[in-house]
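Working notes for the structure below.
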Amino acid sequence: MGAPRCRPYEARRQAGRNVFSAGPHFRGRTNPYLPIISEKSAQLRRKEELQPGKPLQWAKSQKSPNFGLLFDIDGVIIRGQRILPSAPEAFNLLVDEDGKFRVPTVFVTNAGNALRSQKAEQLSKWLRVQVHEDQVVMAHSPLKMFDQYFNKEVLISGQGPTTEIAHNLGFVNTTTVDDVCQAFPQLDCVDHKRRTTTPSPSAPKIPKIDAVMLFGEPVRWETSLQLLVDVLMTDGDLSDTPTAPYPHLPILACNMDLQWMAEAHMPRFGHGAFLLCLEALYKKVTGQDLVYTALVGKPSEITYYHAETMVQHHARSIGISNPITKLYAIGDNVHTDIFGMNLYHKYVRRHRRSNKRVAMQGARGLDLSTQDFRGLTADQCYSVLVQTGVYNRENGLQLLEHSPRDFLPIEAKLQEPSLTVKCVLEAIRTIYQREKFS
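All residue numbers for the sequence shown refer to my numbering, where the first residue is 1125 and numbers rise by one.
Written as structure tokens, this is what we have:
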């Protein structure tokens, strides 16, 4: 089934549809964590704006917005490599006649197989607006905060230019899973066609591993799963006998998406599925739970904290001096985009009530005393669900629990969106109407 098409905004408005009322998924309940527009306010708005024969009365437009936008990419802007029809028009509303962004905008993706500059170039081509790499948050972007591992020997797993990505983040000494395969070919023996016991003449010498960094799903899962468990069992020395030390080596993992939406008509397994396999295998072999030093990417609070800092920076770069007090996150996945933004809203509330630094889920290894929270001004975080990706109206909100292990159990209300719309174009128009911005 293809992505749902957006109806023209005027047609919806003339039909009297109230885009601010709580959708059917709320079932009359009010979510205490989310700043959802109330039904009473919606009724007043209908009474004021939809009187027969009376033109819509709009408040004076804001000249400078006090809100910022966080966009998911897959399932919101694209499906695989195919741009969704509503996306170019939606982003045309975000820029002025010179192509300059009018609203602070950041793209937050759980992809981990590219550099920020590469993703910015792709977005610029797809959307026909100039996107700078400083507007892009990849799944691995928050790892730059974990500088205590910059000079450690780190084993990296994933696809794309993993070594270059690691070096750009600040990690100096890296080894890839392919390096390990070349140096210890006898450890990779599932594929009979590739099986060999003689190291390649060009195989690098593998130093003792100090930490493991997982950027995204690898190509040969069986190889990576085997070698990652081997590294943990040998405390980073693959030439040694496994002793299964516990606690094991630090693990920094990105992208917890169990599923994601590409060109196929149904969701595909993501890195969250790979992590689930790794957790299960390690538990079965050792009897111990796999422990993550860092879990970054959506839905982790640290990712939204990092994204907010970038929204604030983008606001200054486009000449906005007033505080950005509201954030809207637009995504297609209840278990990552919606849950993540709602979780961050809850974190913001706790942080503002506390005189101390409040710990973040998924950031066990982060020293919060090194972080500067003074520039963060958002106090309201809205989650906007679109129906062009993982979620669709026919399936409804999924009842199966797809969120990461370390975030369970989850309050059901944290998976309820502030607003549900058909597509990204409707999302932008609705936000503009809500904020009286045009």
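Glycine included, C-beta positions come from ideal geometry on N, C-alpha and C.
Residue i to residue j, Cα distance in whole Å?
| i | j | result |
| --- | --- | --- |
| residue 1568 | residue 1315 | With the chain covering only 1125 through 1562, there is no way to say anything about residue 1568. |
| residue 1208 | residue 1512 | 8 Å |
| residue 1358 | residue 1333 | 10 Å |
| residue 1466 | residue 1249 | 31 Å |
| residue 1504 | residue 1451 | 6 Å |
| residue 1579 | residue 1402 | No information on residue 1579 is available, as it lies outside the stretch 1125 to 1562 that the chain covers here. |
| residue 1256 | residue 1434 | 11 Å |
| residue 1172 | residue 1337 | Bear in mind that a pLDDT of 38 at residue 1172, under 50, signals an unreliable position, so the number given afterwards is only what the model happens to contain. Between residue 1172 and residue 1337, the C-alpha separation is close to 55 Å. |
| residue 1535 | residue 1379 | 21 Å |
| residue 1230 | residue 1326 | 42 Å |
| residue 1283 | residue 1422 | 19 Å |
| residue 1112 | residue 1268 | As displayed, the chain neither begins before 1125 nor continues past 1562, which places residue 1112 out of reach and without an answer. |
| residue 1254 | residue 1223 | 7 Å |
| residue 1547 | residue 1414 | 38 Å |
| residue 1247 | residue 1484 | 30 Å |
| residue 1497 | residue 1309 | 47 Å |
| residue 1199 | residue 1384 | 8 Å |
| residue 1396 | residue 1538 | 19 Å |
| residue 1425 | residue 1317 | 44 Å |
| residue 1573 | residue 1220 | Examination of residue 1573 is not possible in this model, given that the chain is present from 1125 through 1562 alone. |
| residue 1241 | residue 1418 | 24 Å |
How about residue i: is its Cβ closer than 8 Å to a heavy atom in the ligand HEM?
| i | result |
| --- | --- |
| residue 1535 | Ligands are entirely absent from the displayed structure, and the ligand HEM is therefore not among its contents. |
If you measure between the beta carbons of residue i and residue j, is that distance less than 9 Å?
| i | j | result |
| --- | --- | --- |
| residue 1471 | residue 1458 | no |
| residue 1098 | residue 1399 | No answer is possible for residue 1098: it lies beyond the span of the chain, which begins at 1125 and ends at 1562. |
| residue 1508 | residue 1555 | yes |
| residue 1301 | residue 1348 | yes |
In chain order, what residues of the same chain lie with their CB nearer than 6 Å to the CB of residue i, ignoring the 5 residues before and after it?
| i | result |
| --- | --- |
| residue 1442 | 1225 |
| residue 1386 | 1204 and 1392 |
| residue 1169 | Because the pLDDT of residue 1169 is 42, which lies under 50, any placement of that residue in the model is unreliable, and the question is left without a value. |
| residue 1552 | 1214 and 1217 |
| residue 1191 | 1450 and 1559 |
Taking the DSSP output, what are the residues bridged to residue i?
| i | result |
| --- | --- |
| residue 1385 | Partner(s): none; residue 1385 has no beta bridge. |
| residue 1300 | 1280 |
| residue 1229 | 1193 |
| residue 1203 | 1206 |
| residue 1335 | 1278 |
| residue 1454 | 1195 and 1508 |
| residue 1418 | 1376 |
| residue 1219 | 1225 |
What would DSSP say about residue i, mapped onto helix, strand or coil?
| i | result |
| --- | --- |
| residue 1507 | strand |
| residue 1148 | Unreliable placement is indicated for residue 1148, whose pLDDT of 33 sits below 50; the coordinate value is still reported in the next sentence. DSSP places residue 1148 in helix when its eight states are reduced to three. |
| residue 1198 | strand |
| residue 1460 | helix |
| residue 1396 | helix |
| residue 1313 | coil |
| residue 1428 | helix |
| residue 1355 | helix |
| residue 1305 | helix |
| residue 1555 | helix |
| residue 1547 | coil |
| residue 1260 | strand |
| residue 1375 | strand |
| residue 1157 | Any reading at residue 1157 is ruled out, since the residue's pLDDT is 39, under 50, leaving its predicted position unreliable. |
| residue 1531 | helix |
| residue 1368 | coil |
| residue 1526 | coil |
Grab me the residues of residue i's own chain with a C-beta within less than 8 Å of its C-beta, minus the 5 sequence neighbours each way, in chain order.
| i | result |
| --- | --- |
| residue 1275 | 1296 and 1297 |
| residue 1350 | 1311, 1312 and 1314 |
| residue 1407 | 1413 and 1414 |
| residue 1532 | 1525 |
CB-CB under 7 Å to residue i, same chain, minus the five flanking residues each way: which ones, in chain order?
| i | result |
| --- | --- |
| residue 1368 | 1357 and 1410 |
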